[in-house]
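Written out below as structure tokens is the structure these notes cover.
Number of protein chains: 2
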Amino acid sequence: MTLTFRTATRDDVPAILTLLADDGVSRDRGFGTVPEADDARIWAAFEAIDADDRNELIVASDGAEVVGTCQLTYIPGLTRNGGERLLIEAVRISSARRGQGLGGELIRWAVEQGRARGCTMVQLTSDKKRADAHRFYTKLGFAASHEGFKLAL
Amino acid sequence: MTLTFRTATRDDVPAILTLLADDGVSRDRGFGTVPEADDARIWAAFEAIDADDRNELIVASDGAEVVGTCQLTYIPGLTRNGGERLLIEAVRISSARRGQGLGGELIRWAVEQGRARGCTMVQLTSDKKRADAHRFYTKLGFAASHEGFKLAL
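Heads up: the sequence lines are chains A and L, in that order.
Residue numbering for the first sequence is 13 to 165, as defined by the numbering used here.
Residue numbering for the second sequence is 13 to 165, as defined by the numbering used here.
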């Protein structure tokens, strides 16, 4: 198995939607159904990400199969001497492929993207129910230094 | 006192840098010195935020005095049916003005900006050392549902 990481294309969107839905925590929140890939809002969101230099939708693929995804957002700011932050969101690995180290490869690759761009910080939040994910991020060098607050509108 | 909220201009940058530095947790991290306002990186970051439709640097002012700041980032995504997230970063209130409800006004105003734009979620992280801030965000309706992971590069 050789994983490759690349920017998602329109053709990847159905596979990404399947990965986003293939998740117990999202299901418990009521977001576990596969969104309709013909929903205009999904395509508008894809086009917005694709057109934005500070947002990248990523897929990890094994040959032709999409086995993971995440989104990278580069955030300019005045803190930390004007350095950018890299925010990682919507990390998913195919449930059939978990426990094989793919998530670690994906996150390490994402961190290297941030480092190469000169970011001063990489950050992400993870639902408190995901105890396995927390051990995983700690092992990758992240510190669980913050509370993550969410307000659904 | 009547607070007004507006997009920051170049003239506000020195006051914002002073607010960012006026913070015990940032000082403990080694980021508590006022950055040099003539540092080219700070101005490059300001210009990047100012030119980006998905980033807004905000000041809260009482008359001519800047008493608070935060940064808003609107993040497109495929989750939650293609809705944008609003990320709030770098929230500061002048130490001389804390405990007067200004932070609550600033965050409520920020949440309303997100709601008016059609965001499906507002999110932020807060250092685990800021116990007062956590009570404050909970009171404003946020759920501390996530762990916030950071990796300094």
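Ideal Cβ placement from N, Cα and C applies to all residues, glycine included.
Quick caveat, the model's predicted, so the values are computed rather than measured.
Taking A108 of chain A as the reference, give the member of A:V25, A:G80, A:L69 and A:D51 with the closest Cα.
A:G80
Take every Cβ of the segment 143 to 152 of chain L, pair it with every Cβ of the segment 115 to 133 of chain A, and state whether three or more of those distances are shorter than 8 angstroms.
no
Between I54 of chain L and G94 of chain A, which are expected to be in contact by the criterion C-beta below 8 angstroms, what is the C-beta distance as a whole number of angstroms?
5 angstroms
From R129 of chain A to L152 of chain L, what distance separates their C-alpha atoms?
36 angstroms
Quick one: does V103 of chain A have its CB under 8 angstroms from some CB of chain L?
no
Taking the alpha-carbon positions, what's the V25 of chain A to A33 of chain A distance?
12 angstroms
Beta-bridge pairing of Y86 of chain A - partner residues as DSSP gives them:
A:L98
Let me know if G126 of chain L comes out buried or exposed under the rule of 16 or more other beta-carbons within 10 Å of its beta-carbon.
buried
Mark T91 of chain A as exposed unless 16 or more other C-beta atoms lie within 10 angstroms of its C-beta, in which case mark it buried.
buried
Distance check for A27 of chain A and R104 of chain A, CA to CA, integer angstroms please.
11 angstroms
Is the CB of Q83 of chain L under 8 angstroms away from at least one CB in chain A?
yes
DSSP three-state call for Q135 of chain A: helix, strand or coil?
strand
Checking 8 angstroms against the spacing of the C-beta atoms, do S106 of chain A and L31 of chain A come in under that value?
yes
Would you call the CB atoms of A20 of chain A and L98 of chain A closer than 8 angstroms?
no
Could you name the residues of the same chain whose beta carbon sits closer than 7 angstroms to that of R22 of chain L, not counting the 5 residues immediately before and after it, in chain order?
F58
Verify the CB distance criterion: does D144 of chain A have a CB-CB separation below 8 angstroms to chain L?
no
Which of the three DSSP states, helix, strand or coil, is assigned to T19 of chain L?
strand
Does the beta carbon of R109 of chain A sit closer than 8 angstroms to a beta carbon anywhere in chain L?
no
Take G113 of chain L as the anchor and find which of L:Y149, L:I61, L:D35 and L:K140 has the nearest alpha-carbon.
L:Y149
Report yes or no: is there a C-beta of chain L within less than 8 angstroms of the C-beta of T137 of chain A?
yes
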